[in-house]
């Protein structure tokens, strides 16, 4: 068959032909594929190291079959047969995850959810909307926008990620400082558990009915169940927008200013602090200085007031106003995701790492992260920005690039250095990308042995045969 080297497959067991026949009866023959081009297409997500290796004909692992269901009942049937025949299942949304969470490391079947992409309803009285979970973000926004609404969860991957993917990874969008993250937006959902049984979580603003079952699937990364529909909160499209930017003498001062702004009642939609290296890359007119951009949006009166409060605090604390232009440049470039693979063709190793800490640790975390990752043999460039702010702290997002002699060693050493710097500074190892395949090696450092064991127990309680996205999130206990 294919002359492709796979390097992650633990043991790709062939999928029994009876399983494939039975699944064809459920979803229709045209929605079950064993074609080479489909198996290759669904063998990889946007984990940049995997993308780099794929350019040389190396894939992490190949599925045996790709199944594309249309509704929840079909998924229930597929999972029942998967349990009967012990077929590993890897759920696949948009494939934009950056940590290998959708890679079929056990072979088996890919469950492609993109046909489940319907807009179901908008309830303008309650400000909620319901969608099937396979809908791509940009299509979800289009459905809402022409009706005058928005989810306001606008990640960089808007055009290539799904609602179910956002839920499964606890994703965050670029306007999160005002509107919250995906877990703040999901009121209810429909799920299929690993054994094929259905679970309905009714949509209400909040409840007190024992531990929150919803939270098993917000961050479950497709290991504990498959989200098929979700009810999310929506916002009227903002009537007014004010954009501002300032230059500050240092990261420390910039962090302090944002902290002071968020202590009050200001809730800007976007706050981003770019370090000197990122400012230079983004904003030619500013060059090698720390830049902060703000976007305020909503009712005109509130926006005018909020932008004045922001400007006042920024200027009082050494901020030099730079107008709208830097904000517009960022708004234009914010969906560019194509650079990684391009520079990797030239032998570079590139990736991004997002972590989070309290304000008291934020400046130290930044200094330590940058220094530790720059010290790795082969490093060429490391830069950072802060985005996603809270009154209590912020997310730090580091980009690194190297031209190493040993690419994998440089990649692993850089990640290890970054994760250790994060833990040293009381941070958490992921803010919104999740864990997937690659980051699970650092889970024990984050949660301790008992935390990892607890996740394993939840997994084995829900998925006795270990069929659903096994080997992700935590090291396989088997």
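Numbering (our numbering), first residue to last: 519 to 996. Heads up, the beta-carbon is just placed ideally off N, CA and C, and yes, glycines get one too.
Beta-carbon spacing of residue i, residue j below 7 Å
i           : j           : result
residue 700 : residue 663 : no
residue 608 : residue 983 : no
residue 788 : residue 813 : yes
residue 824 : residue 784 : yes
residue 769 : residue 884 : yes
residue 997 : residue 705 : Not covered by the structure: residue 997. The range shown for the chain is 519 to 996.
residue 617 : residue 954 : yes
residue 605 : residue 537 : yes
residue 679 : residue 743 : no
residue 645 : residue 550 : no
residue 877 : residue 836 : no
residue 834 : residue 949 : no
residue 755 : residue 694 : no
residue 831 : residue 777 : no
Residue i versus residue j: straight-line alpha-carbon distance, rounded
i            : j           : result
residue 677  : residue 656 : 5 Å
residue 957  : residue 938 : 13 Å
residue 628  : residue 573 : 22 Å
residue 734  : residue 843 : 42 Å
residue 590  : residue 648 : 15 Å
residue 586  : residue 595 : 13 Å
residue 916  : residue 795 : 11 Å
residue 905  : residue 532 : 44 Å
residue 661  : residue 638 : 10 Å
residue 560  : residue 801 : 37 Å
residue 966  : residue 867 : 30 Å
residue 545  : residue 557 : 18 Å
residue 901  : residue 932 : 13 Å
residue 964  : residue 542 : 42 Å
residue 809  : residue 719 : 43 Å
residue 940  : residue 968 : 20 Å
residue 803  : residue 666 : 36 Å
residue 722  : residue 780 : 28 Å
residue 976  : residue 579 : 26 Å
residue 874  : residue 547 : 46 Å
residue 841  : residue 736 : 38 Å
residue 1032 : residue 929 : The displayed coordinates of the chain run from 519 to 996. Any statement about residue 1032 would go beyond what the structure contains.
residue 990  : residue 566 : 17 Å
residue 851  : residue 826 : 26 Å
residue 926  : residue 815 : 43 Å
residue 491  : residue 658 : No answer is possible for residue 491: it lies beyond the span of the chain, which begins at 519 and ends at 996.
Neighbourhood of residue i by C-beta, 8 Å cutoff - its chain only, sequence neighbours within 5 removed
i           : result
residue 818 : 757, 758
residue 576 : 522, 523, 524, 525
residue 519 : Unreliable placement is indicated for residue 519, whose pLDDT of 48 sits below 50; the coordinate value is still reported in the next sentence. Around residue 519: 554.
residue 806 : 794, 795, 797, 798
residue 970 : 961, 962, 992, 993
residue 997 : The question about residue 997 has no answer here: the residues shown for the chain are numbered 519 through 996.
Residue i CB to nearest heavy atom of the ligand COA below 6 Å
i           : result
residue 897 : Ligands displayed in this structure: none; no statement on the ligand COA is therefore possible.
is_contact[residue i, chain D] using C-beta, thresh 7 Å
i           : result
residue 696 : Here chain D cannot be found, since the structure has a single protein chain.
Start and end residues, alpha helix (DSSP H) containing residue i
i           : result
residue 769 : 769 to 781
residue 697 : 694 to 697
residue 959 : Here residue 959 belongs to no alpha helix (DSSP H), and DSSP marks it neither H nor E.
residue 537 : 535 to 545
residue 825 : 818 to 834
residue 499 : Absent from the model: residue 499. The displayed extent of the chain is 519 to 996, so no value can be given.
residue 727 : No alpha helix (DSSP H) holds residue 727; DSSP gives it neither H nor E.
residue 795 : 794 to 800
Beta-carbon proximity list for residue i, same chain, < 7 Å, skipping 5 on both sides
i           : result
residue 738 : 686
N- and C-terminal bounds of the beta strand (DSSP E) containing residue i
i           : result
residue 631 : No beta strand (DSSP E) holds residue 631; DSSP gives it neither H nor E.
residue 707 : 704 to 710
residue 871 : 867 to 876
Neighbourhood of residue i by C-beta distance below 6 Å, restricted to the same chain and skipping five residues each side
i           : result
residue 799 : none
residue 600 : 607, 985
residue 488 : A question about residue 488 goes unanswered here, because the residues of the chain that appear run from 519 up to 996.
residue 960 : 937, 947
residue 570 : 862
residue 534 : 603
residue 636 : 650
residue 675 : 614
residue 896 : 920, 922, 928
Nearest-angstrom Cβ-Cβ length linking residue i and residue j, presumed shorter than 8 Å
i           : j           : result
residue 845 : residue 763 : 6 Å
residue 620 : residue 746 : Between residue 746 and residue 620 the Cβ distance is about 17 Å, and since that is not below 8 Å, they are no contact.
residue 980 : residue 631 : Rounded, the Cβ-Cβ distance is 19 Å, inconsistent with contact.
residue 463 : residue 898 : Outside the shown range of the chain, which is 519 to 996, sits residue 463, and nothing can be said about it.
residue 944 : residue 879 : 5 Å
residue 935 : residue 891 : 5 Å
residue 865 : residue 921 : 6 Å
residue 673 : residue 625 : Contact flag wrong, Cβ pair sits at about 30 Å.
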